[in-house]
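Counting from 397, one number per residue, gives the positions in the sequence shown under our numbering.
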Amino acid sequence: MKLIILGPPGSGKGTVSERLAKDFNLLHISVGDLLRKEEKKKTELGKEIKSYIDKGNLVPHQMAVDIAKKAIGKKKNFIFDGFPRSVDQARSIEELDIDAVIYLDVQEKEVIKRLSGRLLDPVTGKTYHRQYLPPPKGIEKRLVHRKDDTPKVIKERFKVYHRETEPVIMYYQKKGILKKIDGDGKPEEVYERIRKAVIKIR
Ligand code: AP5
Ligand code: MG
397 MKLIILGPPG SGKGTVSERL AKDFNLLHIS VGDLLRKEEK KKTELGKEIK
447 SYIDKGNLVP HQMAVDIAKK AIGKKKNFIF DGFPRSVDQA RSIEELDIDA
497 VIYLDVQEKE VIKRLSGRLL DPVTGKTYHR QYLPPPKGIE KRLVHRKDDT
547 PKVIKERFKV YHRETEPVIM YYQKKGILKK IDGDGKPEEV YERIRKAVIK
597 IR
């Protein structure tokens, strides 16, 4: 099964993909996570990546496509999280024959709440939320915020989302493979809606 999950910043793409990957035996490919991993190495490439992410801009088209394609390797069961993020990126993976695109529909007001309370565990890579998805006891001290989760950068990420990524929704709708899912509600409720939709795809 070849899936894509699309949605505004903070809509829950990562949270949902992590569980889908486990339940349906899919490789979870978050281009954002892969870029942050490269950034941490502090290589020349890492420094370049940082300059885009810190401003809330997309990294160059070819860089994102190369990272995504390399990550799949020969795998036939995967979920792309936050990729493609532009119609050009979507066109460049036509040959992959994606089965379905899950679009997480969440109001901007709600995702801002989600982003401002997000906590990351640098040890396991897991994401929590101060209020909505509290971390297990004993690890609170090591949790960090993402650098692009500041009000100024969030604003820019939304601008980029409306301009570059929203047209991707229409692109896949025209192909007849878009599954719009109501992303409002508790993490468990949202996940259940998606799980049911994915079972039908299989
Ligand atoms: P990326 O890391 O993909 O960021 P994003 O798209 O802005 O999305 P987020 O990861 O912030 O949110 P999410 O939807 O995964 O939500 P999460 O599950 O964490 O990209 C970062 C940057 O990398 C981009 O700005 C760009 O520079 C670059 N980049 C990435 N891909 C690229 C590409 N293809 N091309 C070019 N550049 C690219 O959830 C958020 C919070 O909400 C968490 O705290 C979570 O616990 C909580 N939560 C989740 N679900 C719920 C729920 N139902 N109710 C309440 N809280 C919830
Ligand atoms: Mg994410």
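C-beta atoms are modelled at their ideal positions from N, C-alpha and C, and glycine is treated no differently.
At a cut-off of 8 Å, is residue i close to the ligand AP5 when judged by its beta-carbon and the heavy atoms of the ligand?
i: Val427; result: yes
i: Asp419; result: no
i: Tyr567; result: no
i: Gln503; result: no
i: Gly579; result: yes
i: Tyr524; result: yes
i: Pro532; result: no
i: Val540; result: no
i: Ser488; result: no
Who are the near neighbours of residue i in its chain, counting only those whose CB is closer than 7 Å to its CB and skipping five residues on each side?
i: Ala467; result: Ile425 and Leu430
i: Glu414; result: His424
i: Lys409; result: Ile401, Gly403, Asp477, Gly478 and Leu500
Could one say the Cβ of residue i lies closer than 9 Å to chain D's Cβ atoms, at least one of them?
i: Gly521; result: The chain inventory of the structure shown lacks chain D, comprising one protein chain alone.
Near residue i, what residues of its chain come up, given a Cβ to Cβ distance below 8 Å and the 5 sequence neighbours on each side ignored?
i: Lys575; result: Ala496, Val497, Ile498, Tyr499, Ala593 and Ile597
i: Asn473; result: Met397, Lys398, Phe420, Asn421, Leu422 and Leu423
i: Arg553; result: Pro405, Gly452 and Asp544
What is the C-beta distance between residue i and residue j, in whole angstroms, given that I count them as a contact (C-beta under 8 Å)?
i: Ile401; j: Asp477; result: 5 Å
i: Pro531; j: Leu511; result: Going by Cβ atoms, the distance from Pro531 to Leu511 rounds to 16 Å, so no, they are not a contact pair.
i: Ile489; j: Ile573; result: That belief does not hold up - the Cβ atoms of Ile489 and Ile573 are roughly 13 Å apart, past 8 Å.
i: Tyr557; j: Val483; result: Not really, about 13 Å apart at Cβ, beyond 8 Å.
Got a sec: does the ligand MG put a non-hydrogen atom nearer than 8 Å to the Cβ of residue i?
i: Thr561; result: no
i: Lys409; result: yes
i: Lys545; result: Going by the sequence as given, residue 545 is Asp instead of Lys. No, since every heavy atom of the ligand MG falls outside the 8 Å radius drawn around the Cβ of Asp545.
i: Thr520; result: no
i: Gly478; result: yes
Which residues in the same chain have their Cβ closer than 6 Å to the Cβ of residue i, if we skip the five residues on either side of it in sequence?
i: Gln527; result: Gly513
Problem set entry | Complete beta strand (DSSP E) runs within the segment 467 to 541 (minimum length 3 residues, chain order) | 474 to 477, 496 to 501, 514 to 516 and 523 to 525
Exercise. Which residue spans inside the segment 399 to 443 form an unbroken alpha helix (DSSP H) run of at least 4?
Worked result: 409 to 420 and 427 to 436
For this session: Within the segment 546 to 588, note down every full alpha helix (DSSP H) run reaching 4 residues or more, in order along the chain.
Result: 547 to 556 and 562 to 571
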